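Data first, discussion second: the structure below is written as structure tokens.
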Amino acid sequence: MTLAQWYLSKVPQYTRMARHARSVIRHATPRKVANLFRVELERKLRRVELKGYPYLLIIDPCNYCDLRCPLCPTGYGGLGRPQKMLSLEHFKQYFDPVADYLFEATMHNWGESLLNRHVFSMIEYAQSRNVGTNLSTNVSGSTTGYLDNLLECGLEYLIVSLDGTSAESYSQYRIRGKFENVLDNLAEIVARRNRRRLKTPVVEWQFIVMRHNEHELAEAEVLAKKIGVDLLRFIPVGMPFDTVDRKAVAAKWYPVTVQGRAYTPDVELQFGQANKPSPCFYLYRSLVVNPDGGVSPCCVVYNRATDFGQLPVADVRQLWNNDRYQSARALFSPREASRWAPTVCEGCDIFEKYPKPARRGAGPSGATGAGESGRAPGLIQIKGPAARERV
Ligand SMILES: C[S@@+](CC[C@H](N)C(=O)[O-])C[C@H]1O[C@@H](n2cnc3c(N)ncnc32)[C@H](O)[C@@H]1O
Ligand code: SF4
Ligand code: SF4
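In terms of our numbering, the sequence shown is residues 246 to 636.
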């Protein structure tokens, strides 16, 4: 085990670090680096009003999907937001004001991005502005007609969602998904990229470990080597923020034999923790934009009623420091917002709140009402994140 691997095994919550580090190195400019240090210092100091800009963008090209995954709000029809395709024009309008600070743009959130064929132009545009891109896809439909676009648009990192090594287990979560298609598409992407000697996209097979597929992990390692993916990544299953009966969901989906964390060079096994003892990093680093221009505080919540703002705006820094952003950051800080506003973050237990006397009107706020959900923190701390988390 190299020193780097040992280090990663000690800080598994940062196992996306390699990808982020690559983006920082590849897309650094003096302005971006200065902003990165400023933001991280502001986070360390638990500032509520920021001088820095977000340096990661999560932008959703569409929130439609061809699959019906039972724990995805898009899959079960619980998004609480109109479904839309993002146009290239709107993409540029939302992207441009923060482009000079971005290292990376995540080109998915609550839908199947490849259903929006403008996504390749969006990726090309982002790359041309010196911003790295990544995209997660179920790649379950036919890729005929756009596979070359996917390889040629400049995408740096591709995540293929494939949770199982058999059609039987795969289809339990990926309802309507076609296992054979995904497998063929994954193999074809890797083969075609290699044939053309392209360095990107790096191809990750992402496997969500659940009760019905936890017996297939070893087989996945063998298959991953055979296909030649760059990384097989096992991730913990999360439940939607709005889940009411969390115990029942955990009982049905959480794995029983797989616990804890481990890291090997090409296989990562990671389980999230609730109540991370740090201020929520989304509120400092990430601008999260939905196809309707709504700005969510993170990629864990999805309901339009929990949005922190609406794009376009004349001044993105004003939005970034509006009452909601300041109030949410103040939950993790000894400082207070200049004007308190209720936010969905009050009912979220992913990051540990700063101990303070009760706030005005403290309690669950947004329409998701996570705090009212009867969430059992003890249950979550045993294993698995409080909700889907992506870094
Ligand atoms: C909502 S999906 C959108 C992208 C694309 N449709 C896909 O599934 O890859 C975003 C990410 O969440 C992951 N995901 C879906 N359900 C999940 C769950 N219950 N727990 C953790 N991650 C999940 C997907 O695999 C994907 O990487
Ligand atoms: S494929 Fe992705 S967006 Fe579609 S339902 Fe499943 S997790 Fe949600
Ligand atoms: S809901 Fe939770 S994870 Fe999302 S921004 Fe608020 S505190 Fe952070």
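The beta-carbon is built from N, C-alpha and C at its ideal position, and this holds for glycine as well. Bear in mind the structure is a predicted one, so any value in this text is a computation, not a measurement.
Residue i vs residue j beta-carbon contact at 7 angstroms
i: C525; j: I303; result: no
i: V447; j: D408; result: no
i: V376; j: L331; result: no
i: S578; j: R291; result: yes
i: A575; j: V293; result: yes
i: R264; j: Y529; result: no
i: G386; j: D311; result: yes
i: A469; j: W450; result: yes
i: L400; j: I434; result: no
i: P557; j: D305; result: no
i: T410; j: A465; result: yes
i: P522; j: E597; result: yes
Length of the line joining the Cα atoms of residue i and residue j
i: V467; j: I404; result: 18 angstroms
i: L485; j: R437; result: This sequence places Pro at residue 485; Leu is not what is there. In a straight line, the C-alpha of P485 is about 36 angstroms away from that of R437.
i: K277; j: Y298; result: 9 angstroms
i: K337; j: S358; result: 16 angstroms
i: Y415; j: Y309; result: 21 angstroms
i: P318; j: R562; result: 30 angstroms
i: E425; j: A412; result: 7 angstroms
i: Y547; j: S541; result: 7 angstroms
i: G639; j: D345; result: Lying before the first or after the last residue shown, residue 639 is absent from the chain, which here runs from 246 to 636.
i: R584; j: I270; result: 38 angstroms
i: H272; j: C314; result: 34 angstroms
i: E581; j: Y402; result: 39 angstroms
i: A612; j: P327; result: Confidence at A612 is low in this model, with a pLDDT of 28, below 50, so the placement of that residue should be treated as unreliable; the coordinate-derived value is given next. Taking the straight line from one Cα to the other gives about 15 angstroms.
i: M352; j: P275; result: 25 angstroms
i: D552; j: Y570; result: 10 angstroms
i: T502; j: P600; result: 35 angstroms
i: G323; j: L316; result: 10 angstroms
i: G209; j: F452; result: Because the chain here runs from 246 to 636, residue 209 falls outside it and cannot be looked at.
i: L281; j: L301; result: 10 angstroms
i: M262; j: S268; result: 10 angstroms
i: L564; j: F365; result: 28 angstroms
i: G390; j: T445; result: 19 angstroms
i: Y508; j: V454; result: Residue placement at Y508 is flagged as unreliable, the pLDDT there being 42, under the threshold of 50; a coordinate-derived value is accordingly withheld.
i: G554; j: V589; result: 13 angstroms
Under the three-state DSSP convention, the category residue i falls into
i: R362; result: coil
i: C398; result: coil
i: S610; result: Since pLDDT at S610 reaches only 32, below the 50 mark, its modelled position is unreliable, and no value is offered.
i: L468; result: helix
i: Q555; result: strand
i: N520; result: coil
i: E241; result: Residue 241 lies beyond the stretch modelled for the chain, which goes from 246 to 636, so this question has no answer here.
i: A615; result: Confidence in A615 is poor, its pLDDT being 24 and thus under 50, which makes the residue's placement unreliable; the coordinate value appears in the next sentence. Correct three-state label for A615: helix.
i: Q328; result: coil
i: L431; result: helix
i: F340; result: helix
i: N458; result: coil
i: L564; result: helix
i: E334; result: helix
i: T319; result: helix
i: R580; result: coil
Distance cut-off 6 angstroms: residue i Cβ against heavy atoms of ligand 2
i: G320; result: yes
i: N383; result: yes
i: E357; result: yes
Proximity test, residue i beta-carbon vs ligand 1 heavy atom, cut-off 6 angstroms
i: H353; result: yes
i: V482; result: yes
i: L295; result: no
i: C590; result: no
i: C307; result: no
i: C317; result: yes
i: S406; result: yes
Proximity test, residue i beta-carbon vs ligand 4 heavy atom, cut-off 6 angstroms
i: I453; result: As far as ligands go, the structure on display features ligand 1, ligand 2 and ligand 3 and does not contain ligand 4.
Near ligand 3: residue i beta-carbon under 6 angstroms from a heavy atom
i: P522; result: no
i: V534; result: no
i: Y527; result: yes
i: P542; result: yes
i: V545; result: yes
i: C314; result: no
i: I303; result: no
i: C593; result: yes
query = Should the region 417–424 be regarded as contacting the region 391–399, the criterion being three or more beta carbon pairs within less than 8 angstroms?
reply = no
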